Structures are given as structure tokens and as C-alpha cells.
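Have a look at this one:
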């Protein structure tokens with residue numbers, strides 16, 4: 014038995030009459046562009062645990078896709094992912110957006126299921142009154158269900174960014190997924206932010222400021238030539 018599976022089963026034993034273990038995690042806290050993805054994965058106590066599940070960031074894209082396809086086929090499981098827009102991330106901040114995403118996913122489950130569940134998150138507390146949530150540091154590494162939620166969130170977000178790359182090919186979102194690579198930051202400075210960029214993030218703020226200055230100076234130059 015893998016350590017992350019043993020960890021979850023031990024947590025399940027700590028709550029009498031619990032039958033389900035639920036994990037939540039996010040993907041996309043660090044990117045300059047694209048949504049924040051928050052995933053939930055529910056596992057019935059007698060369902061099959063799939064080999065190879067762990068921290069999604071340490072898995073290759075192909076391995077994540079393969080595992081996610083397998084996880085979706087397993088009976089006795091349930092997964093959900095919510096995408097939170099860059100605008101909401103800017104409005105709330107990334108931590109609050111993560112909390113609200115997790116709270117929304119947990120609240121979407123029937124009360125009867127929640128009453129028989131142990132809920133684990135990767136070091137984030139959603140803050141739902143009356144619902145006990147256990148925060149696990151490096152949860153995606155130590156907990157099987159948090160790892161599954163991490164994989165689901167990452168795969169769905171990557172698919173979104175692959176589609177976004179068709180609209181904004183210069184940014185190569187299919188490669189960088191919105192993270193601040195050198196090329197991405199060069200395009201940000203050259204072309205300016207897209208609607209997918211998070212305006213509260215410093216490199217995007219700086220690009221916006223530079224763009225505004227350029228427009229202002231250009232306007233002054235035109236006025237001077239009249």
C-alpha cells in the first residue's frame with residue numbers, strides 16, 4: 014500500500030462512521046495569465062486506489078493525462094473542477110479565490126455525503142461553518158485524494174490554456190500555461206496584457222503602466238506637431 018493511500022485510510026478511521034474521503038487542491042496560483050483551477054476528488058472507502066498518484070507538479074503532462082483518464086473511470090469516485098477567472102483572482106486575491114473555490118465545491122455535495130466524509134485540503138482552510146476541514150501541509154504529496162484533486166485541477170487548467178493559445182498564439186500559452194517564462198514576459202512587454210492576464214500581478218501591472226505611458230507620450234507628441 015502506498016504511503017499516501019495509508020495516510021488517507023488512517024484519517025478515515027479517525028472519524029466514526031465516515032465512508033468517504035474528500036481531497037481538494039488548486040492549480041495555477043503562480044501564472045500571470047489564465048484562470049485559477051480548484052479541484053475536488055471524492056473516494057469511497059472501498060473504491061480502488063490507482064497506482065502512481067502524487068503531486069501533479071512532479072508528473073509529466075502525459076502521465077497526468079493518463080492518470081486522470083483512469084481516475085475518471087473508477088467506480089466509487091467523484092471529481093469536480095471549478096475555474097476562477099483572472100478578473101475574480103484580481104478582485105479577491107489568489108488565496109481568497111482558492112478558499113471560495115474550495116467552499117463552492119464542498120457546498121455542491123449533498124449534506125448526507127458530507128456528514129459521512131473526511132475532508133482534506135492542501136494547506137488551505139475554506140472556512141465553511143459547521144464543516145470540519147483538515148489542512149495538510151504538502152497535501153498533494155501526502156494524501157492520495159488531495160493528489161487526485163491536484164491532477165484533476167491541473168489537467169483541466171492545462172486544457173483551457175491550450176485552447177487559449179489558439180486565440181493568443183504569440184504568448185505560447187500551450188507551452189507556458191500562463192507561467193512567467195522569459196518569452197511570455199517579453200511578449201507581455203511588447204504586446205501588452207490580454208484579457209486573460211491577472212492585472213494584480215506585478216509583471217502585468219508593470220506592462221500595463223508602460224503601455225499607458227507609451228499612449229500618453231504618443232498623445233503628447235501628436236499634440237506638439239499640431
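In my numbering, the protein residues as written are 14 to 239. Glycine included, C-beta positions come from ideal geometry on N, C-alpha and C. Model, not experiment: these values are computed from the prediction.
- Query: By Cβ distance, which residues of its chain are closer than 6 Å to residue 181, with the 5 residues on each side in sequence left out?
  - Reply: Numbered from 1 along the chain shown, position 168 holds the residue referred to as residue 181. Same-chain partners within the cutoff: 207.
- Item | 7 Å CB neighbourhood of residue 204 in its chain, flanking five on each side removed | Along the chain shown, read from residue 1 onward, the residue named residue 204 stands at position 191. Excluding sequence neighbours, residue 204 sits near 183.
- Message: Do residue 66 and residue 157 count as a contact pair if the criterion is CB distance below 8 Å?
- Response: For the purposes of this step, residue 157 is taken as residue 144 along the chain shown, with counting starting at 1. For the purposes of this step, residue 66 is taken as residue 53 along the chain shown, with counting starting at 1. Yes. Within cutoff.
- Message: Need the endpoints of the beta strand (DSSP E) that residue 39 sits in, please.
- Response: For the purposes of this step, residue 39 is taken as the residue at position 26 of the chain shown. Note, residue 39: beta strand (DSSP E), 33 to 40.
- Can you list, in chain order, the residues of its chain whose CB lies under 7 Å from that of residue 148, leaving out five sequence neighbours each side? The count along the chain shown starts at 1 and reaches residue 148 at position 135. Cβ neighbours of residue 148 beyond the five flanking positions: 134, 136, 137 and 138.
- Query: Do the CB positions of residue 115 and residue 37 come within less than 8 Å of each other?
  - Reply: Against the chain shown, residue 115 aligns to sequence position 102. Against the chain shown, residue 37 aligns to sequence position 24. Contact: yes.
- Give me the Cα-Cα distance between residue 219 and residue 145, rounded to the nearest whole angstrom. The sequence position of residue 219 within the chain shown is 206, counting from 1. The sequence position of residue 145 within the chain shown is 132, counting from 1. Cα to Cα, the separation comes out at about 41 Å.
- Item | Distance between residue 153 and residue 84 (C-alpha atoms, nearest Å) | Reading the chain shown from its first residue, position 71 is the one you call residue 84. Reading the chain shown from its first residue, position 140 is the one you call residue 153. When rounded, the distance between both Cα atoms is 15 Å.
- Taking C-alpha atoms, which residue in 26, 18, 51 and 33 lies nearest to residue 168? Looking up residue 168 in the chain shown gives position 155. Selected option, being the one with the closest Cα: 51.
- Task: Give me the Cα-Cα distance between residue 142 and residue 53, rounded to the nearest whole angstrom.
- Result: Residue mapping note: residue 142 aligns to position 129 of the chain shown, counting from 1. Residue mapping note: residue 53 aligns to position 40 of the chain shown, counting from 1. If I take the Cα positions, the gap works out to 19 Å.
- Message: On a Cα-Cα basis, can you pick out the residue from 17, 22, 34 and 26 that is closest to residue 130?
- Response: Position 117 of the chain shown, counted from the start, is the residue given in the question as residue 130. Here the closest residue by C-alpha is 34.
- To the nearest angstrom, report how far apart residue 151 and residue 170 are at their CA atoms. Locating residue 151 in the chain shown gives position 138, counting from the first residue. Locating residue 170 in the chain shown gives position 157, counting from the first residue. So the two alpha carbons sit approximately 20 Å from each other.
- Between which two residues does the beta strand (DSSP E) containing residue 54 stretch? Residue mapping note: residue 54 aligns to position 41 of the chain shown, counting from 1. Unbroken beta strand (DSSP E) run through residue 54: 49 to 57.
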